[in-house]
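Participant:
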Amino acid sequence: GVETANFEFPLITKAGRRVEILLNATPRYNEHGEVKGMVGIGQDITERIAQEQEYSRLIDTANAPIFGVDADMRINIFNRKAEQTTNFLSQEVVGENVGTIISPEFKAMTHEIMCQALQGNETASFELALKTKTGRKVNILLNATARFDQHGQIVGVVGIGQDITDRIAQEQEYTRLIDSANAPIFGVDVNGCVNIWNKKAAEITQYTPNDVMGENLVEKFITEDYRDAVGLVLSKACEGTETANFEFPL
1 GVETANFEFP LITKAGRRVE ILLNATPRYN EHGEVKGMVG IGQDITERIA QEQEYSRLID
61 TANAPIFGVD ADMRINIFNR KAEQTTNFLS QEVVGENVGT IISPEFKAMT HEIMCQALQG
121 NETASFELAL KTKTGRKVNI LLNATARFDQ HGQIVGVVGI GQDITDRIAQ EQEYTRLIDS
181 ANAPIFGVDV NGCVNIWNKK AAEITQYTPN DVMGENLVEK FITEDYRDAV GLVLSKACEG
241 TETANFEFPL
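Every letter in the sequence shown is one number past the one before it in full-length UniProt numbering, and letter 209, counting from 1, is 209.
Listed below in structure tokens is the structure:
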């Protein structure tokens with residue numbers, strides 16, 4: 001007299017083909033209320049199973065670290081590239097909280113991103129650091145995407161990452177070279193506000209980086225008679241047109 005809902009099992013056809021069935025098993029009663037058999041109501045889910053298997057295969061063989069969590073933030077997907085990136089084997093982390101593989105300073109932010117994805121608010125290009133088995137940090141650019149079941153309900157999150165450790169290292173080296181150069185170097189964003197100000201620029205102008213960062217270069221640090229000319233040069237540079245050997249006073 002005990003019903004069973006959504007039980008998956010295979011049927012074998014006369015031709016020997018395997019058909020995956022999702023079954024609801026319900027007791028049958030006679031006129032006296034006694035169980036006299038059961039009725040199995042099935043749904044052919046062969047195609048869905050095949051799609052899930054293909055999805056799993058694509059994830060596992062992808063050339064990007066991919067991991068997934070369930071609604072309780074426990075890891076349930078961990079592909080080969082994620083293993084390679086973190087040195088953790090899948091069986092070591094599946095079932096563990098996602099914080100296991102996240103560098104401590106990013107745990108709270110990652111948890112918030114995952115919670116947002118569980119509510120349907122996906123996040124693209126989120127930077128975080130994974131923690132490897134040896135304790136090394138790996139910088140990742142992550143897209144967090146909701147995962148749905150066959151009824152369209154959100155059941156978890158899939159994170160698709162891109163290892164940007166080398167890019168971060170190159171940016172840091174670029175910053176170091178600029179800051180230690182024996183020439184004044186500064187940079188501005190598209191709005192003309194200072195975002196680079198190296199040590200030599202600080203030495204020559206006596207303005208520290210804290211004094212100038214975020215300030216409009218032309219308005220605050222260029223003499224009035226040169227503002228139009230410098231502004232034009234900066235505007236052209238932001239459009240891709242370089243200017244060489246332009247003299248102006250700071």
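Ideal placement from N, C-alpha and C gives every residue a C-beta, glycine not left out.
A quick note: this is a predicted structure, and the numbers were derived from the prediction, not measured.
#1: From the DSSP output, in three-state form, read off Leu89 for me.
#2: Can the beta-carbon of Val194 be found less than 7 Å from the beta-carbon of Cys238?
#3: Suppose you measure from the CA of Glu122 to the CA of Tyr226; what does that come to, to the nearest Å?
#4: Would Val157 and Thr85 qualify as a contact pair, given that the criterion is a beta-carbon distance under 7 Å?
#5: How about Ile75 and Val98: are their beta carbons less than 7 Å apart?
#6: CA-CA distance, Arg136 and Ala108?
#7: Can you list, in chain order, the residues of its chain whose CB lies under 6 Å from that of Ile41, leaving out five sequence neighbours each side?
#8: Please classify Glu83 as buried or exposed, where buried requires at least 16 neighbouring CB atoms within 10 angstroms.
#9: Rounding to the nearest angstrom, what Cα-Cα distance links Thr243 and Lys236 in this structure?
#10: Straight-line CA distance for Phe246 to Glu215?
#11: From this set, Ile140, Thr205 and Ala50, which residue's C-alpha is nearest Ala169's C-alpha?
#12: What number of angstroms, rounded off, separates the C-alpha of Gly95 from the C-alpha of Gly33?
#13: At what residue ranges does the segment 13–76 contain a whole run of the beta strand (DSSP E), taking only runs of 3 or more?
#14: Taking C-beta to C-beta, are Asn79 and Asp60 nearer than 7 Å?
Facilitator: In terms of the structure at hand:
#1: Along the sequence shown, one-based indexing puts residue 89 at 89. Coil at Leu89, not helix or strand.
#2: Taking the sequence shown and counting its residues from 1, the one referred to as residue 194 is at position 194. Taking the sequence shown and counting its residues from 1, the one referred to as residue 238 is at position 238. Cβ atoms of Val194 and Cys238: not closer than 7 Å.
#3: Counted from its first residue, the sequence shown places residue 122 at position 122. Counted from its first residue, the sequence shown places residue 226 at position 226. Cα to Cα, the separation comes out at about 47 Å.
#4: Within the sequence shown, the letter at position 157 stands for residue 157. Within the sequence shown, the letter at position 85 stands for residue 85. Taking C-beta atoms as the reference points, Val157 and Thr85 fail to come closer than 7 Å.
#5: Locating residue 75 in the sequence shown gives position 75, counting from the first residue. Locating residue 98 in the sequence shown gives position 98, counting from the first residue. The Cβ atoms of Ile75 and Val98 sit closer than 7 Å to each other.
#6: Taking the sequence shown and counting its residues from 1, the one referred to as residue 136 is at position 136. Taking the sequence shown and counting its residues from 1, the one referred to as residue 108 is at position 108. Approximately 19 Å, taken between the alpha carbons.
#7: The sequence position of residue 41 within the sequence shown is 41, counting from 1. These residues qualify, in order along the chain: Asn24.
#8: Here residue 83 corresponds to residue number 83 of the sequence shown, with the count starting at 1. For Glu83, the number of other beta carbons within 10 angstroms of its own is at least 16, and it is reported as buried.
#9: Working through the sequence shown from its first residue, we reach residue 243 at position 243. Working through the sequence shown from its first residue, we reach residue 236 at position 236. Thr243 and Lys236: Cα-Cα distance of roughly 8 Å.
#10: Counting from 1 along the sequence shown, the entry for residue 246 is found at position 246. Counting from 1 along the sequence shown, the entry for residue 215 is found at position 215. Each residue's alpha carbon lies about 22 Å from the other.
#11: Start at 1 with the first residue of the sequence shown, and residue 169 comes out as number 169. With respect to the C-alpha of Ala169, the residue from Ile140, Thr205 and Ala50 having the closest C-alpha is Ile140.
#12: Along the sequence shown, read from residue 1 onward, the residue named residue 95 stands at position 95. Along the sequence shown, read from residue 1 onward, the residue named residue 33 stands at position 33. Distance from the CA of Gly95 to the CA of Gly33, rounded to the nearest whole angstrom, comes to 44 Å.
#13: As for any beta strand (DSSP E) of minimum length 3 sitting wholly inside the segment 13–76, the runs are 18–29, 35–44 and 66–70, ordered along the chain.
#14: The sequence position of residue 79 within the sequence shown is 79, counting from 1. The sequence position of residue 60 within the sequence shown is 60, counting from 1. Yes. Within cutoff.
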